[in-house]
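This note's numbering applies: residue 1409 is where the sequence shown begins, and numbers increase by one.
Structure first, then comments.
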Amino acid sequence: MIDLQIKQSWLEKSSEAALEEFKSALVDILNSFPVDRHTDKRWSITKISDGDEARLIYDERAVASLKIEDKVLHVKSTEDDTPRYDDIVYAIRYAANRLLLAVYSNVHGGARLPQDHSLSIDHTYFNRDKSVRGFFDKSNFVPRFAPEGIENLKDGRTALVIYSPYYAEDKRNGTVHILNNPMLSFLTEKENQETNGEFSYKVADSMQDFARKYDLGLVPRNFYQNYSKPVKIINETYFDALNINRKVFIDPCVYDFDDEHDYRYYKNTETGLHLMDKVRPGENLDIAIKRVLREELQVAEDYVGVRIWGVDFDRDREGILTPRLRMNIFVHGMLENRKSKTHDWVSVK
């Protein structure tokens, strides 16, 4: 079932011209799929003469309706069992991402979907594979997201396939967990399908929270990347940032997690010099980051997430070469008066 809203999320009402352009981009993407590329155009959008509604046509069959209401484009499948569901959703999100539009899913309580169109949502594989479907029917999880890509098949054809890791919604509370795919593969083929604590861990409070964190690189892309580790710190380097036993500089760039559209960061410079800090004796990285936010930068007591994206070197006061962790820190609770009166905020747009 497809029930999506397409809009420019940073505007109260979207540009109708942009939404019309989206329709053209959608058809172009659908007709460029390998299975469709060397045939007559199988996809088109036909406007209904007696209104402002249109139909998405596949092989002369209407598969979805498109209607602009209050400058928001609504895309809804005409049947629950939508042909080429994965391809349609992929193309919708791809076209939206190209045109800087946001996609919201009414099927999932109006949650915004991640900007990365290659992260599939409700892929049909989870229903097509009987062993996988049977496992999740009895589990506490509903598989929601999985990375998707085009793979060459042995017979020369290509197909959209999904890869690990899978991200699943907890049926009990709506939180989103990353799943241990090797354990899942083992259990789906066994009669005893009881899991243990190594099967999953939480990465987001909800699907909406997941989308925001995934867009910002605050979600693990591998199960063991953060297994038994703080999930708030995403380390994209091989530097052992969680077990620091020497001098290490930290170079933070602090962003407002709550502001999705006018991305703002704290410009930590003073008299033209870039401000850095270090992990002090007796501190771990988590404690050091909180101290820097609270005492040095005075912007927050805690943080939503940290993405360590690089390592470089500098010399300390004694001339010793010292590693420096480059990181983006995202925080809640940036009051407008604190931002305007105390800090130098810079828009990255």
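Backbone N, C-alpha and C define an ideal beta-carbon position, used for all residues, glycine too.
Within its own chain, the residues whose Cβ lies closer than 8 Å to the Cβ of E1487, once the five positions on either side in sequence are excluded, are V1471, listed in chain order. Assignment of beta-bridge partners to L1412 by DSSP yields V1483 and S1513. The three-state reading of DSSP puts G1542 in helix, counting H, G and I together. Collapsing the DSSP output to three states places Y1609 in a strand.
Exclusion of the five residues before and after L1509 leaves I1414, K1415, Q1416, A1426 and F1430 as the residues of its chain whose Cβ lies within less than 7 Å of its Cβ.
Judged by beta-carbon spacing, Y1574 lies within the 9 Å limit of F1553, meaning their Cβ atoms are closer than that value.
Each of K1655, E1709 and K1640 was checked against the Cα of L1733, and the nearest Cα belongs to K1655. Between the C-alpha atoms of N1535 and D1489 there is a straight-line separation of about 12 Å.
Looking at the backbone, the Cα of V1435 and that of L1624 are separated by about 29 Å. A distance of 9 Å or more separates the beta carbons of F1738 and D1685. Distance check between R1723 and each of V1700, E1703, V1550 and F1657 places F1657 closest, using alpha-carbon atoms only. If you draw a 10 Å sphere on the C-beta of S1528, you find 16 or more other C-beta atoms in it, and that means buried.
If you check the CB distance, A1576 and V1569 do not come in under 9 Å.
For F1647, there is no enclosing alpha helix (DSSP H), as DSSP marks it with neither H nor E.
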